């Protein structure tokens, strides 16, 4: 039987990948470039620090890096 830790870590990774995938789809639908967080902030009307953090999530290769 798996411990609670062994069960939750894969679930967290899966959830983070789903969030990353949803952000990529959102940026594509909005026609914004995640490599340009200042432009994203202006076009979407969001805080520039938030735009920068979302860019980091989108660009991360691993879910742990995104976290």
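Numbering (the numbering used here), first residue to last: 8 to 74.
Think of the CB as a built atom: it goes at the ideal place given N, C-alpha and C, for glycine as much as any other residue.
This one's a predicted model, so the numbers in the text were calculated from it and none came from an experiment.
Please decide whether residue 46 counts as near chain C, where near means a Cβ-Cβ distance under 9 Å. In the structure shown, chain C cannot be found, because there is only a single protein chain.
Cβ of residue 50 within 9 Å of Cβ of residue 64? no
Report all residues from its chain with a CB closer than 8 Å to the CB of residue 45; omit the five preceding and five following residues, and keep chain order. 55 and 58
With a threshold of 8 Å, establish whether the CB of residue 30 neighbours any heavy atom of the ligand FAD. In the structure on display, the ligand FAD does not appear, and there are no ligands present to speak of.
If distances are taken between C-alpha atoms only, which option among 27, 19 and 35 comes closest to residue 60? 27
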